[in-house]
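The structure appears right after this line, and notes come after that.
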Amino acid sequence: MPNPVPNPVSGAGASGTSALSIVLFAGGFDRVHYALVMASAAAATNRKVTLFFTGRALRALVHETEPGVLGWHDLDPADDGSTPVARDRYFAAHGLATFEELLEACVAMGVTVMACEMGLRALGLPPGVCLRADVPVATGGVVTFLNEAPGGGAMLFV
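The numbering of the sequence shown is the UniProt record's numbering, which starts it at 1 and goes up by one.
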């Protein structure tokens with residue numbers, strides 16, 4: 001009998017050995033929110049997960065006390081045109097995980113969160129900008145992110 005063809009979707013992740021690295025570049029609320037959905041689900045299934053925030057998605061990690069930045073509230077509008085706050089309220093009202101719930105779950109399950117140093121400068125944020133204190137954020141560049149990404153793991157660009 002021939003060997004069955006492995007399912008590329010289940011792969012090694014079914015045994016908890018696969019890793020997932022997600023680059024969050026787009027700043028649209030729905031995109032960042034769903035990247036958190038993917039990260040928390042992967043972590044819940046025992047995968048090593050890294051979220052690398054860069055581009056406009058970095059706004060989600062900036063502390064809301066920074067002048068001119070409102071944290072994730074300052075992300076770009078959702079795909080339906082609503083504000084991040086309105087879309088998050090819609091999710092809550094419909095029993096879906098909110099932005100804060102997903103981010104908290106990621107932190108609780110040990111997801112590695114990285115902020116791109118170049119991305120912070122590209123946004124015009126000052127050196128030493130205050131990032132969220134409730135999220136352990138490592139700063140680094142693309143080389144650091146790629147060097148730390150486990151070989152054989154999946155990488156998504158959002």
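Note that the Cβ used here is the ideal one computed from N, Cα and C, for glycine as well.
Span of the beta strand (DSSP E), counted from its first residue to its last, around residue i
i      : result
Ala42  : Careful: Ala42 lies outside any beta strand (DSSP E), inside the alpha helix (DSSP H) at 29-44.
Thr144 : Segment 142-148 is the alpha helix (DSSP H) holding Thr144; no beta strand (DSSP E) there.
Thr50  : 48-53
Val23  : 19-24
Leu156 : 154-157
Residues near residue i by beta carbon distance below 6 Å, same chain, minus five either side
i      : result
Ala154 : Leu20
Phe53  : Leu24, Leu61, Ala115
Val142 : none
Met109 : Ala43
Gly28  : Asp76
Phe157 : Val23
Same chain, Cβ closer than 8 Å to residue i, neighbours up to 5 away in sequence not counted
i      : result
Pro136 : Val107, Val113
Val62  : Val69, Gly71, Asp74, Leu125, Val129, Cys130, Leu131, Arg132
Val85  : His73
Close Cβ partners of residue i (< 7 Å) along its chain, the five nearest in sequence each way excluded
i      : result
Ala105 : Ser40
Thr83  : Pro77
Ala57  : Leu24, Phe25, Ala26, Gly27, Val32
Which listed residue (the options) has its alpha carbon closest to that of residue i
i      : options                       : result
Ala115 : Ser82, Asp88, Gly55, Tyr90    : Gly55
Ala149 : Gly110, Pro77, Lys48          : Lys48
Asp76  : Ala122, Leu36, Leu146, Arg31  : Arg31
Thr45  : Ala35, Gly28, Ser18           : Ser18
Asp134 : Phe157, Ala86, Phe145, Glu100 : Glu100
Ala122 : Leu51, Arg59, Asp88, Thr144   : Arg59
His33  : Asn147, Arg89, Thr65          : Arg89
Met118 : Phe91, Thr144, Gly152         : Thr144
message: As an exercise, report each continuous alpha helix (DSSP H) stretch of at least 4 residues that is fully enclosed by the segment 88-131, in chain order.
response: You should have 99-108, 117-122.
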